[in-house]
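J.: So that we are looking at the same thing, I have put the structure below in structure tokens.
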Amino acid sequence: MGADHVLSFSVVLPSGKFITASPTSNPDLFFALRGGGGSTFGVVTSLVVKAYPDIPVTTTTFMLSPSPAVSVENFWAGLRAYFNYFIPHSDAGIYTYFFGFPGPMVEFQAVFAPNLTVAQTQALLDPFLADLAKLNISISPQYKSHPNFLTAWSNSFPQEGAGGSQLVGSRLFPRSSWLDKVTLDATFAEWRKSIEAGHVTINFNFAPRFAGSGPDTTAVLPAWRETVMHSIQVVGLTGNETEAQLRAARALMDERQKAWKAVSPDAGSYLGESDREEVGFQRSFYGRNYERLLKIKRDVDPWDVLWAKTAVGSDAWEVRTRDVIGDENGPLCRVQK
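Residue numbers (the numbering used here): 1123 to 1459.
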């Protein structure tokens, strides 16, 4: 996690005081700023981060879809076979970024393999290709070697657009779900149902590692440390939907998010790519760190100068709006308890 690599922050507090947060200066705030959510504790004006030697990277791209030679069920069977390799691939340092589209179709935009050669990457993917061959599925992965990280990243992850109207939900699926076939089958089944329901999924297979001295040195959601797949489900909106259509889209997202949570009950969700109406966001986004973060929030910002939806302490306020899909178009008011 990026937060693991920060050594210090320069921060303007809500009081107007300008301070440094580090392991030896304002250590509680340093803990909170490393993963405790944005728009919460102060305005960070600069930070110091660790630097690392550059490394070569191998990238691989391919697509998987039904065809006259590949039935829909064989397609899903091939994709299910891929899920078997999430732990060995992520343990090898691979970061895989792939999209699931209704139709269905899956696009592997990047199998990103830092510090691995083309031959090493091929060796890791060959067992999966053999599984596909048993299903009469043939794909042609495109392997490419890059001399450094930036070149690989720039070529594999082009700048993306922002904006538009959509509903988004996400879940961090834990390693424990991959250790039991029954649980993994259930996880895959619910992930598949979201695509079949018309949602696009954006997916990441990776395994974060500790770069600090232990699990309590940063405020990063602990569920990140156990994650094998981060998956986002999206339903696009045109902006011209009727109230009934918006309510139906919202209900479907709620249903699909509930199903994802049911197969990963002790996990969480990534705050930055998540459902704005996340139920129980305190646990989903912050886990066991929430009470400590709330105390720090009250210490540095007792006036609630800084507020953002689902940030630490945000449930003390609410935006009053009549819109079907909740947004910030309305007055911000104290919650009456």
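Each residue gets a CB set at the ideal place from its N, CA and C atoms; glycine is no exception.
1) For the beta strand (DSSP E) holding glycine 1222, just list the boundary residues, first then last.
2) Distance, Cα to Cα, threonine 1273 vs phenylalanine 1279?
3) When the distance is taken between beta carbons, is threonine 1183 closer than 8 Å to glutamine 1242?
4) Would you be able to state if there are at least three C-beta pairs under 8 Å between the region 1190–1198 and the region 1165–1178?
5) Can you check which of these residues, Glu1399, Ser1396 and Asp1437, is closest to leucine 1416 by C-alpha distance?
6) What does the alpha-carbon distance come out to for the pair serine 1161 and tyrosine 1219?
7) Where do the ends of the beta strand (DSSP E) carrying glutamine 1355 lie?
8) Using three-state DSSP, classify tyrosine 1265 as helix, strand or coil.
9) How is asparagine 1327 classed by DSSP in three states: helix, strand or coil?
10) Between which two residues does the alpha helix (DSSP H) carrying phenylalanine 1153 extend?
11) Sort out for me which residues DSSP pairs proline 1453 with in a bridge.
12) Tell me whether phenylalanine 1279 sits in a helix, a strand or coil according to DSSP, three-state version.
13) Quick one, which of Ser1193, Ser1298, His1321 and Gly1291 has its alpha-carbon nearest asparagine 1258's?
14) State buried or exposed for serine 1316, treating a residue as buried only when at least 16 other CB atoms are found within 10 Å of its CB.
15) Leaving out the 5 sequence neighbours to the left and right, which residues in its chain are closer than 8 Å to tryptophan 1425 when beta-carbon positions are compared?
16) Whose C-beta lies closer than 6 Å to the C-beta of asparagine 1270 among residues of the same chain, with five residues either side of it excluded?
17) Assess, as a yes-or-no matter, whether the region 1225–1245 is touched by the region 1336–1350 under the definition of 3 or more beta carbon pairs within less than 8 Å.
18) Keeping to the same chain, check which residues put their C-beta closer than 6 Å to that of glycine 1291; ignore five residues upstream and five downstream.
19) Determine the contact status of alanine 1214 and leucine 1246, defining contact as a CB-CB distance below 8 Å.
20) Excluding the 5 residues preceding and the 5 following leucine 1359 in the sequence, name in chain order all residues of the same chain whose CB lies nearer than 6 Å to its CB.
21) DSSP three-state label for arginine 1293, please.
22) Measure the alpha-carbon distance for arginine 1331 versus valine 1385 and round it to whole angstroms.
23) Nearest to proline 1226 by CA position, among Asp1388, Ile1216 and Leu1201, is which residue?
24) Give me whichever residues DSSP pairs with methionine 1227 in a beta bridge.
25) Taking buried to mean at least 16 other C-beta atoms within 10 Å of its own C-beta, is proline 1296 buried or exposed?
26) Any chance you could list the beta strand (DSSP E) runs of at least 3 consecutive residues sitting entirely within the region 1167–1224, in chain order?
27) Is there contact here, the region 1293–1310 with the region 1342–1355, by at least three beta-carbon pairs under 8 Å?
28) What are the partner residues of valine 1427, as DSSP defines its beta bridges?
T.: Quick answer:
1) 1217–1223
2) 10 Å
3) no
4) no
5) Asp1437
6) 28 Å
7) 1349–1359
8) strand
9) strand
10) 1149–1155
11) In DSSP, proline 1453 forms no bridge with anything.
12) coil
13) Ser1193
14) buried
15) Pro1136
16) Asp1176
17) no
18) Gln1355, Met1375, Gln1379 and Asp1397
19) yes
20) Ser1287 and Gln1288
21) strand
22) 23 Å
23) Leu1201
24) Phe1223
25) buried
26) 1179–1186 and 1217–1223
27) yes
28) Paired residues: none, contrary to the question.
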